[in-house]
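Read the structure below first, then the notes.
In the numbering used here, the protein residues as written are 503 to 665.
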């Protein structure tokens, strides 16, 4: 346990980052590993890549199959957030509050190239948007990990985050 910026003992936050796998380039993997290493004092983050080799005749079939893969990783009682451009936008301060206000493992879901199935989105606690723009999966994972690290820095009053 460590003290947060309110002087209250803080337990380690557990996060599972679940995403539909694509090929990772080495420099992206190195950057992800660096961010995860920086967070390990306060955040226990588990990266769960999901993949499939099946061929589908439509994008809808792909989305539904990927939704099934995602749901197999979750229990009905799990708390999870999906990232979707139609979701709610947060600034870094409020994202930090969202992450550090939970007392259970948080699952963060990044869908595949065609998005996230309606079933997965309906059961999510919240849909979160980083932007109206679209990003490659590798870039988005880096952006998300950086925001999680920034959330930790905000929470612990570390100088990385400048107001």
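All C-beta atoms in this analysis are idealised placements derived from N, C-alpha and C, irrespective of residue type, glycine included.
The model shown is predicted, which means the values in this text are computed figures rather than measured ones.
- Residue 607 is a Cβ neighbour of residue 518, given a cutoff of 8 Å.
- Distance from the Cα of residue 639 is smallest, within the candidate group 526, 662, 653, for 526.
- In the DSSP assignment, residue 516 falls within the unbroken beta strand (DSSP E) covering 515-522.
- The C-beta of residue 588 has fewer than 16 other C-beta atoms within 10 Å across all chains shown, which makes the residue exposed.
- Here residue 543 has no same chain residue with a Cβ atom under 6 Å from its own Cβ, once five neighbours each way along the sequence are excluded.
- With a contact defined as Cβ atoms closer than 8 Å, residue 565 and residue 617 qualify at about 6 Å.
- The criterion of a C-beta distance shorter than 8 Å is not satisfied by residue 590 and residue 520.
- Residue pairing by DSSP places residue 585 opposite 612, 630 in a beta bridge.
- As DSSP reads the structure, residue 590 sits in a beta bridge with 630.
- A straight line joining the alpha-carbon of residue 603 with that of residue 559 spans about 42 Å.
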